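2 protein chains.
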Amino acid sequence: MKRIRLTVAYDGTDYAGFQVQPDLATIEGALNQALFHLTGETIQVIGASRTDSGVHAYGNVAVFDTESLIPADRFAPALIPYLPDDIRVVKSEEVPLDWHPRHVKCRKTYEYTFYCGQAEDPVTRRYGSYVRRLPDVEAMRKAAQYLIGEHDFTSFANPSSQVLMAGGSAVRTIYELCISEEAPDSIRGTGLTTVRVRITGSGFLYNMVRIIAGTLINVGTGLWKPERVKEALDARDRTKAGPTAEARGLALCRIEYKD
Amino acid sequence: MKRIRLTVAYDGTDYAGFQVQPDLATIEGALNQALFHLTGETIQVIGASRTDSGVHAYGNVAVFDTESLIPADRFAPALIPYLPDDIRVVKSEEVPLDWHPRHVKCRKTYEYTFYCGQAEDPVTRRYGSYVRRLPDVEAMRKAAQYLIGEHDFTSFANPSSQVLMAGGSAVRTIYELCISEEAPDSIRGTGLTTVRVRITGSGFLYNMVRIIAGTLINVGTGLWKPERVKEALDARDRTKAGPTAEARGLALCRIEYKD
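Note that the protein sequences, when read in sequence, are chains A and B.
Taking the numbering used here, the leading residue of the first sequence gets 72, the next gets one more, and so forth.
Taking the numbering used here, the leading residue of the second sequence gets 72, the next gets one more, and so forth.
Structure follows, in structure tokens:
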């Protein structure tokens, strides 16, 4: 018996999220099925991040145990024929049998993408949220400063979060929150400016990154002053923060473990 | 009666190309249907470029005649509710009644995208062709020099081209052929290098850009010496050029008219 850790990338557009759900296409379901076809074993992977429906990933992590004699690093290429085109195992490696992707300290990095300009672009639409107005990125950066560090993020979590419902803490640490702006390519694309919110933290509450993105874009489009984000944070009240930005703009970039 | 010119962007993944075909989803069919719903008139647009199944566009052009009183520039926003998410009219404007998108001299720019590296990326897969080996871009640039200028491109056209079958000329002019290389973002994506072939010409034969892309990547991966591209061009024989690169990597970027 050995435990294998997979680094998984996917286009989440056509999936009902990571976690297995009856009669729905999920990332976890596709991985379990591919591993069954490859090994003949009934395998249920354990995922690090249960990303929502429509959310993408470049480096989600999942583990499983197997008696298979396939070398650990060969699982990634061997799984290709058994997975749909929109899911790829980027890396596979052996980890200790007691290693669990949700019980180990880590840093997670997410990125939220906005495409901003006159007309929505049909080619980028799957991977970003569309905003007609060009946002004031400097105001967004000012607002973002209030969120960096250790805070109670109750205002920035979906109240139906399992953690919060069970009385868990809403205290999380944001290590980095960077906002980048990329001018449109004059030939490729339809002239949209790309604004990305990249955020690294110790962990995130349910919908936290999307609520942060929705709040910061409220500042960017001038609806809110940057200071209102501090008030929202201090209130510890979900109704005081901005809207939950659409799933399609979110991508889980990577999870760094200290192992 | 007035003639309206549309600039159209689309994600071609889920379409059987631009041109109307019975029982298949096409860009032209979607435009005709949307215009019928908007104006009540039976409209058949005339497209500038009949892009193939799976090919994308940021700036294809189509015209139609209408008795509608909708101001010319309002067609673009007015069509949004009648078009699927993967097709957008970026611009609409009035042109003279005798203006025809295929009878006027123009410069067309296409871009072919390769994603290169260890593992295919499920997020970029729709918009580029995957190459495992990192290509030698300098060798590709050297090979590209042979193609710039006015040449007989028989070797770089699908022999079933309607133009060639009808005895038409295979002489075309390539004004620019640039190859760019973009290093992978260390956090976003799965570590693929992007190589783009951007090509501007007076017009292109059937599959010409995809055959040029397939030939240049043969050089990039070391399968061919750059000089072999000159030999292929001189041979005026399709079997002497490289393979036709996949449709998903191709995008029609823009068409420039001198009007």
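C-beta atoms are modelled at their ideal positions from N, C-alpha and C, and glycine is treated no differently.
None of these values were measured; they are calculated from a predicted model.
At a cut-off of 7 Å between beta-carbon atoms, residue 261 of chain A makes contact with chain B. Its chain contains 244, 245 as the residues whose beta carbon lies nearer than 8 Å to that of residue 220 of chain A, once the 5 sequence neighbours on both sides are disregarded; these appear in chain order. Contacts with chain B (Cβ-Cβ distance below 7 Å) from the stretch 186 to 199 of chain A involve 190, 191, 192, 193, 194, 196, 198, listed in chain order. Scanning B:307, B:305, B:232, B:250 for the CA closest to the CA of residue 288 of chain B turns up B:250. Restricting attention to alpha helix (DSSP H) runs no shorter than 4 residues, the stretch 81 to 162 of chain A encloses them at 98 to 110, 146 to 150, ordered along the chain. For the options B:74, B:111, B:94, B:93, the alpha carbon positioned closest to that of residue 134 of chain B is the one of B:74. For the stretch 72 to 93 of chain B, the set of positions with a beta-carbon nearer than 8 Å to some beta-carbon of chain A reads 80, 81, 82 in chain order.
If you check the CB distance, residue 254 of chain B and residue 123 of chain B do not come in under 7 Å. Excluding sequence positions up to five before and after residue 224 of chain B, its CB lies within less than 7 Å of the CB of 241, 243, 276, 279, all in the same chain and listed in chain order. For residue 215 of chain A, the three-state secondary structure derived from DSSP is helix. In the pairwise beta carbon analysis, the stretch 289 to 307 of chain B is classified as not touching the stretch 91 to 104 of chain B: fewer than three pairs are separated by under 8 Å. Pairing residue 286 of chain B with residue 151 of chain A, the inter-Cα distance amounts to about 27 Å.
Excluding residues up to 5 positions away in sequence, nothing lies with its Cβ nearer than 6 Å to the Cβ of residue 193 of chain B in the same chain. Within chain A, the residues whose beta carbon sits less than 7 Å from that of residue 161 of chain B are 190, 261, listed in sequence order. Rounded to the nearest angstrom, the gap between the Cα atoms of residue 86 of chain A and residue 126 of chain A is 9 Å. Below 8 Å, enough C-beta pairs join the stretch 135 to 144 of chain A and the stretch 101 to 113 of chain A to call them touching: three or more. In the structure shown, residue 291 of chain A falls within a helical segment according to DSSP collapsed to helix, strand and coil.
Contacts with chain B at 7 Å (Cβ-Cβ) include residue 127 of chain A. For residue 304 of chain B, the CB contacts under 7 Å within the same chain, skipping 5 residues up- and downstream, are 217, 218, 222, 226 in chain order. Setting aside the 5 residues that flank it on each side, residue 284 of chain A is surrounded in the same chain by 183, 268, 316, 320, each with a C-beta closer than 7 Å to its C-beta; the list follows chain order. Within 7 Å of the CB of residue 305 of chain A, no CB atom of chain B is found; the nearest one sits about 30 Å away.
At a Cβ-Cβ threshold of 7 Å, residue 266 of chain B and residue 252 of chain B count as neighbours. Within the same chain, and ignoring the five residues on either side of residue 274 of chain B in sequence, the residues whose Cβ sits closer than 7 Å to its Cβ are 179, 243.
Inclusion of residue 144 of chain B and residue 120 of chain B in the CB contact set at 7 Å is not warranted, their separation being larger than that value. Just measuring C-alpha positions, the residue of A:198, A:296, A:117, A:175 sitting nearest residue 90 of chain A is A:117. Between the C-alpha atoms of residue 166 of chain B and residue 172 of chain B there is a straight-line separation of about 10 Å. DSSP places residue 234 of chain A in no beta strand (DSSP E) but in the uninterrupted alpha helix (DSSP H) bounded by 233 to 236.
Sequence-ordered contacts of the stretch 126 to 151 of chain A with chain B read 127, 128, 129, 130, 147, 148, 151 [C-beta pairs closer than 9 Å]. Counted as a single uninterrupted DSSP element, the alpha helix (DSSP H) harbouring residue 305 of chain B occupies residues 298 to 306.
Contact between residue 325 of chain A and residue 129 of chain A holds, with the beta-carbon distance rounding to 7 Å and staying under 8 Å. Counting only Cβ-Cβ distances below 9 Å, residue 182 of chain B has contacts in chain A at 258, 259, in chain order. When the Cα atoms are used, residue 132 of chain B and residue 177 of chain B turn out to be separated by approximately 11 Å. With fewer than 16 other Cβ atoms inside 10 Å of its own Cβ, residue 310 of chain A counts as exposed.
Annotation: residue 307 of chain A to residue 231 of chain A spans about 15 Å, alpha carbon to alpha carbon.
Residue pairing for residue 252 of chain B: DSSP places it in a beta bridge opposite B:266. Separation of the CB atoms of residue 214 of chain A and residue 300 of chain A is rounded to 4 Å, and the pair is thereby assigned contact status at 8 Å.
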